[in-house]
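I have placed the structure first, in the form of structure tokens, so that the comments after it can refer back to it.
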Amino acid sequence: MNQFKSIPGTFDVLPRGYTSGSDVIAPVSVWRHVEEAVRRVMVRYGAEEIRTPILEPTELIARGIGQSTDIVSKEMFAFERGSTNYVLRPEVTAPVMRAFLQHNLAQQGGTQRLFYIGPCFRAERPQKGRYRQFHQFGLEIIGSEDARSDAETITCALDVYLELGLREFTVRINSLGDRDSRPKYKQALLDYFLPLSDQLSEVSRNRLDTNPLRILDTKNERERELLKGAPILLDFIDDESRQHYDSVKEHLTEVGVSFVEDPFLVRGLDYYSRTTFEIESAVLGAQSALAGGGRYDMLSSEVGSKKIVPAVGFAAGIERLIMALNAAGKADVDSDCPDAFIVSVDNVAPGWIFSTAKSLRDSGLSICYDLQGRSMKAQMREANRQNARYVVIAGEEDITSGVVQLKDMSDGSQEEVSIELLSKTIGASQS
RNA sequence: GUGGUCGUAGCUCAGUUGGUUAGAGCGCCAGGUUGUGGCCCUGGAGGUCGGGGGUUCAAUCCCCCUCGAUCACCCCA
Numbered sequence: 005m006n007q008f009k010s011i012p013g014t015f016d017v018l019p020r021g022y023t024s025g026s027d028v029i030a031p032v033s034v035w036r037h038v039e040e041a042v043r044r045v046m047v048r049y050g051a052e053e054i055r056t057p058i059l060e061p062t063e064l065i066a067r068g069i070g071q072s073t074d075i076v077s078k079e080m081f082a083f084e085r086g087s088t089n090y091v092l093r094p095e096v097t098a099p100v101m102r103a104f105l106q107h108n109l110a111q112q113g114g115t116q117r118l119f120y121i122g123p124c125f126r127a128e129r130p131q132k133g134r135y136r137q138f139h140q141f142g143l144e145i146i147g148s149e150d151a152r153s154d155a156e157t158i159t160c161a162l163d164v165y166l167e168l169g170l171r172e173f174t175v176r177i178n179s180l181g182d183r184d185s186r187p188k189y190k191q192a193l194l195d196y197f198l199p200l201s202d203q204l205s206e207v208s209r210n211r212l213d214t215n216p217l218r219i220l221d222t223k224n225e226r227e228r229e230l231l232k233g234a235p236i237l238l239d240f241i242d243d244e245s246r247q248h249y250d251s252v253k254e255h256l257t258e259v260g261v262s263f264v265e266d267p268f269l270v271r272g273l274d275y276y277s278r279t280t281f282e283i284e285s286a287v288l289g290a291q292s293a294l295a296g297g298g299r300y301d302m303l304s305s306e307v308g309s310k311k312i313v314p315a316v317g318f319a320a321g322i323e324r325l326i327m328a329l330n331a332a333g334k335a336d337v338d339s340d341c342p343d344a345f346i347v348s349v350d351n352v353a354p355g356w357i358f359s360t361a362k363s364l365r366d367s368g369l370s371i372c373y374d375l376q377g378r379s380m381k382a383q384m385r386e387a388n389r390q391n392a393r394y395v396v397i398a399g400e401e402d403i404t405s406g407v408v409q410l411k412d413m414s415d416g417s418q419e420e421v422s423i424e425l426l427s428k429t430i431g432a433s434q435s
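Residues 5 to 435 in my numbering are what the first sequence lists, from first letter to last.
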């Protein structure tokens with residue numbers, strides 16, 4: 005009988021953490037540490053949390069992200085039930101936009117700053133830093149064209165990394181221009197590459213038909229050489245987009261964010277226009293992108309809005325963030341430990357242990373005790389392993405006399421405490 | 001979907017040019033200390049050496065198949 009295993013590309017987050025292949029799966033405490041940092045930073049940005057379903061209509065994702073993208077064409081976990089097509093969300097921007105439109109959040113006035121944390125799903129072949137179920141957090145600023153919102157999106161992502169103690173990353177930015185810029189540029193790219201097509205790899209040759217922009221981020225050495233002579237996207241964008249882009253760069257510079265302009269930074273989701281950016285870390289191996297995002301002014305109309313709703317946002321991978329934290333030695337986080345562990349000498353008075361634990365818990369303390377009838381030594385070891393602050397030692401006589409031993413595990417000191425005063429004494433020293 | 005690498009205890013890994021009961025460290029359990037943890041010492045549990053087939057007197061080791069893991073391409077977080 006084979007044991008069941010988690011599906012490839014998914015993993016369990018355990019209390020203690022473990023290694024899986026070359027990946028270190030961090031303990032839950034690290035995950036919470038990250039999630040709390042995200043929430044702190046988001047609050048500073050005035051962002052409010054939004055939670056959307058894991059399941060979305062397939063059509064929303066297909067239209068939002070784009071039929072020809074890899075995500076939609078080959079990486080969706082999608083299924084049909086009755087007359088409805090469902091998909092496990094591969095990202096959260098389109099769902100957030102859907103929710104924004106569905107609930108008419110524009111009616112609440114102003115610009116909405118919405119953030120999320122949660123799982124996403126893509127049917128890719130797993131590898132280091134890439135999973136089938138992975139976790140993202142992100143910010144969407146919906147309802148403004150202001151270049152400050154683009155810059156704010158970038159600083160917000162960076163602030164999460166800074167908050168967690170990361171320092172080593174690079175920001176790459178580019179502008180894709182407006183709706184009309186891309187077709188013009190695509191044509192220019194085609195004009196450049198078609199005569200050279202015999203020098204291109206098979207994948208890139210196919211892309212000339214399907215999505216020529218994707219040739220720009222090839223890793224192939226020879227193609228990179230060819231790219232040096234290729235037309236530059238920035239030369240094809242409209243004046244307004246150019247001004248907008250300059251303005252984004254100025255704002256970033258004003259607040260001391262350094263970045264590199266990458267004329268070949270396109271992204272694999274169709275909804276981007278104008279600003280795009282990626283934040284990457286050198287410590288991550290092949291999957292080096294920590295976060296990515298950009299402006300998506302066209303998305304709202306793609307998913308059925310009559311009005312164009314301008315928006316920008318970023319999405320960041322939590323697994324990759326944790327990998328970077330591990331590499332930077334910033335992933336050591338204290339996990340919760342009990343205030344006290346009750347040791348029963350010779351396993352006497354199980355009922356008393358149970359009810360005492362309950363009443364101490366009722367007073368807000370975290371209490372553990374042995375459930376296996378183990379020796380006192382083993383109970384002490386267990387208390388030590390769990391990092392209990394105190395051990396309550398109770399034997400037959402202690403309980404009848406109403407006075408137990410309270411041992412402070414940090415320095416080994418021990419005192420007699422009457423049972424009625426236990427919660428007060430343990431609680432008083434809570435730091 | 002395509003390539004490379006690797007499968008020995010819960011974890012990290014030794015090992016056998018094919019030869020009796022397959023090892024270590026960590027972890028776990030117990031004892032050393034009959035009411036006291038961390039350190040130390042002793043002992044113990046735990047493995048069909050991924051699975052199937054073949055070669056051989058004999059396979060964990062050699063061959064074939066298969067399954068799984070992993071890294072990379074592609075793409076993205």
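Note that the Cβ used here is the ideal one computed from N, Cα and C, for glycine as well.
All values derive from a computational prediction rather than experimental measurement.
Residue i burial status per 10 Å Cβ neighbour count (16 or more: buried)
i: GLY260; result: exposed
i: ALA290; result: exposed
i: VAL264; result: exposed
i: GLY321; result: buried
i: LEU105; result: buried
i: ILE146; result: buried
i: PRO216; result: buried
i: ASN108; result: exposed
Proximity of residue i and residue j at Cβ, strictly below 7 Å
i: ILE357; j: SER363; result: no
i: GLU144; j: VAL100; result: yes
i: LEU269; j: ARG176; result: yes
i: GLU149; j: ALA41; result: no
i: GLY296; j: GLU282; result: yes
i: PRO19; j: VAL32; result: yes
i: GLN137; j: THR14; result: yes
i: PRO61; j: ILE75; result: no
i: ILE69; j: LEU273; result: yes
i: ARG278; j: SER304; result: no
i: LEU220; j: TYR189; result: no
i: ASP266; j: SER185; result: no
i: GLN209; j: ARG218; result: Before going further, note that residue 209 is Arg rather than Gln in the sequence given. The answer is no: Cβ separation not under 7 Å.
i: THR399; j: SER422; result: Correcting the residue type first, residue 399 is Gly in the shown sequence and not Thr. No; because the gap between Cβ atoms is not below 7 Å, this pair is not in contact.
i: LEU59; j: ARG102; result: no
Distance, residue j Cα to residue i Cα
i: GLY308; j: LEU204; result: 38 Å
i: LEU194; j: SER72; result: 17 Å
i: ALA127; j: GLU306; result: 24 Å
i: LYS428; j: GLY169; result: 37 Å
i: THR115; j: ALA98; result: 17 Å
i: PRO199; j: THR56; result: 47 Å
i: TYR201; j: PRO187; result: A small fix is needed here, since residue 201 is Ser in this sequence, not Tyr. Taking the straight line joining both Cα atoms gives about 20 Å.
i: ALA387; j: VAL395; result: 7 Å
i: PHE173; j: LEU288; result: 11 Å
i: THR280; j: ALA192; result: 20 Å
i: ILE29; j: VAL408; result: 41 Å
i: SER10; j: LEU294; result: 25 Å
i: PHE125; j: MET80; result: 7 Å
Residue i - DSSP class collapsed to helix/strand/coil
i: ASP412; result: strand
i: THR159; result: helix
i: GLY431; result: helix
i: PRO314; result: coil
i: PHE281; result: strand
i: ALA332; result: coil
i: ALA295; result: strand
i: THR174; result: strand
i: PHE240; result: helix
i: TYR165; result: helix
Residue i: CB within 6 Å of a non-hydrogen atom of the ligand GDP
i: LEU105; result: In terms of ligand content, the structure shown is empty, and the ligand GDP therefore cannot be addressed.
Checklist entry - Do the stretch 146-160 and the stretch 39-52 make contact, defined as three or more Cβ pairs closer than 8 Å? => result yes
Checklist entry - Three or more C-beta pairs closer than 8 Å, one from the stretch 223-236 and one from the stretch 246-256: is that the case here? => result no
Checklist entry - Pairing CB atoms from the stretch 326-337 with CB atoms from the stretch 308-316, are three or more of them under 8 Å? => result no
Checklist entry - Pairing CB atoms from the stretch 375-392 with CB atoms from the stretch 335-348, are three or more of them under 8 Å? => result yes
Checklist entry - Should the stretch 128-135 be regarded as contacting the stretch 80-92, the criterion being three or more beta carbon pairs within less than 8 Å? => result no
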